[in-house]
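For what it's worth, my numbering labels the leading residue of the sequence shown as 1316, then goes sequentially.
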Amino acid sequence: MTTELNALIITAASIGFFHTILGPDHYLPFIMMSWSRKWSVVKTSLVTLLCGLGHIGSSVVLGLIGVSLGLAVKKLEIVESVRGNLAAWLLIAFGFAYFVWGLRRAYRNQPHTHSHTHKVGISHTHTHAHHQEHTHVHNDKSSITPWALFVIFVFGPCEPLIPILMYPAAKNSLFGLLVVTCVFGTATIATMLGMVLLSRAGVNFIKLTRLQRFSHAIAGVTICLCGLAIQFLGL
1316 MTTELNALII TAASIGFFHT ILGPDHYLPF IMMSWSRKWS VVKTSLVTLL
1366 CGLGHIGSSV VLGLIGVSLG LAVKKLEIVE SVRGNLAAWL LIAFGFAYFV
1416 WGLRRAYRNQ PHTHSHTHKV GISHTHTHAH HQEHTHVHND KSSITPWALF
1466 VIFVFGPCEP LIPILMYPAA KNSLFGLLVV TCVFGTATIA TMLGMVLLSR
1516 AGVNFIKLTR LQRFSHAIAG VTICLCGLAI QFLGL
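Structure (structure tokens):
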């Protein structure tokens, strides 16, 4: 490999790492969904991995189309900007909808008291919540949540990738194009997985029993705020 390609590989790995760390949308939705829906480590990792592949793959396809058609970087950046706005609004809408659903679920799961009187004149009361015994969510297997996140991440652009791809393409180096793409993708997904799993372990370590009833609502509002920060603060 040439010195230029070596430098490009280091650049791709560095940008893949830092752009993921600095973009909370790359990991916060998975952390909150894993906590609120009580996903296992395997399911959390799988959903994060698939969304990461969709996130990078869509930009790779767009970049390769641009390279094959000889489009300028500026034109592709405009397309990525439109995709970015769409992805941010989808994240906002998803978070808000999940927040509303979470509030409704929390209200229905509000603890309440039942009084029972037996034939012998003995009465007693007990307090319970209808869903408390099933907080692991049996029906999560059919949940559309992972697929909704996947669609959002497919629309989400990977802005630094296309300019990186253009350089080896301009040099007519297919090998360089493949290597740079793989390095960037690996660095991005590995960072996503690391952030999600470490944060998930930290959240699960903290006992949040009193907040568990509102876990879905908290997850929804957090994701909504994440989308708003991306859209209006440029995170």
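A virtual CB, placed ideally from N, CA and C, is assigned to each residue, including glycine. These figures come from a predicted structure and were not determined experimentally.
- Take the alpha-carbon of Thr1496 and the one of Thr1335: they are about 15 Å apart.
- For His1341, there is no enclosing alpha helix (DSSP H), as DSSP gives it neither H nor E.
- Annotation for Lys1389: the continuous alpha helix (DSSP H) segment containing it runs Val1388 to Arg1423.
- In the three-state reduction of the DSSP assignment, Gly1509 falls in the helix class, which pools H, G and I.
- Here Met1481 has Val1388 as same chain residues with Cβ atoms under 6 Å from its own Cβ, once five neighbours each way along the sequence are excluded.
- In terms of Cα proximity to Phe1409, the closest of Gly1381, Leu1384, Ser1373 and Trp1462 is Trp1462.
- Around the C-beta of Ile1393, fewer than 16 other C-beta atoms lie within 10 Å, and the residue is accordingly described as exposed.
- Taken through DSSP and simplified to helix, strand or coil, Thr1317 comes out as coil.
- Taking Asn1519 as reference, the option from Ser1360, Ala1322 and Met1347 with the minimal CA-CA separation is Met1347.
- In its chain, beyond the 5 residues on either side, Cys1539 have a beta carbon closer than 6 Å to the beta carbon of Phe1411.
- Using a C-beta cut-off of 8 Å, the region 1350-1370 makes contact with the region 1496-1512, since at least three inter-stretch Cβ pairs fall below that distance.
- For the pair Leu1391 and Ile1477, the CB atoms are nearer than the 8 Å cut-off.
- If the five residues before and after Ala1327 are omitted, its C-beta is found closer than 6 Å to the C-beta atoms of Ile1479, Val1495, Val1498 and Phe1499, all from its own chain and listed in chain order.
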